[in-house]
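Undergrad:
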Amino acid sequence: MPLPENLDETKLAECALAILSLTMFDERSVTRAWKGMDWDLLNLLHEKGWISDPVGKQKSVLLTEKGHHLASEYLEKHFGA
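Numbered as in the numbering used here, the sequence shown ends at 98 without a single skipped number.
Here's what the structure looks like:
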């Protein structure tokens, strides 16, 4: 399903990355997260350089160093108490 055009893609991407951070895990010195989100949303995160290419058989995506750093920041920014 295409992302609705009337949404702020920056805010949407930040929130999606923050939610992905809840499923992050370390594997062989890299950080991965389960990719249970809409493909268009995952592609948006990939375009921003925050995750590896989500297309493939793996059930998780690799977070880039930038994505790993921003994930915790955005979790606190958008969902912190």
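Glycine included, every Cβ here is placed at the ideal spot set by N, Cα and C.
1. Suppose you measure from the CA of Pro-21 to the CA of Asp-43; what does that come to, to the nearest Å?
2. Taking C-beta to C-beta, are Cys-32 and His-86 nearer than 8 Å?
3. Cα-Cα, which of Thr-40, Val-78 and Lys-74 is closest to Gly-66?
4. Where are the alpha helix (DSSP H) runs, 4 residues long or more, that stay fully inside the stretch 36–97, in chain order?
5. Can you list, in chain order, the residues of its chain whose CB lies under 6 Å from that of Leu-58, leaving out five sequence neighbours each side?
6. Distance check for Leu-92 and His-63, CA to CA, integer angstroms please.
7. Helix, strand or coil for Glu-22, going by three-state DSSP, please let me know.
TA: If we stick to the structure as given:
1. Distance between the alpha carbons of Pro-21 and Asp-43 is about 33 Å.
2. Between Cys-32 and His-86, the CB-CB gap reaches or exceeds 8 Å.
3. Nearest C-alpha to Gly-66: Val-78.
4. Whole alpha helix (DSSP H) segments, 4+ residues: 56–64 and 82–96.
5. The residues are Ala-33.
6. If I take the Cα positions, the gap works out to 18 Å.
7. Glu-22 falls in the coil class under three-state DSSP.
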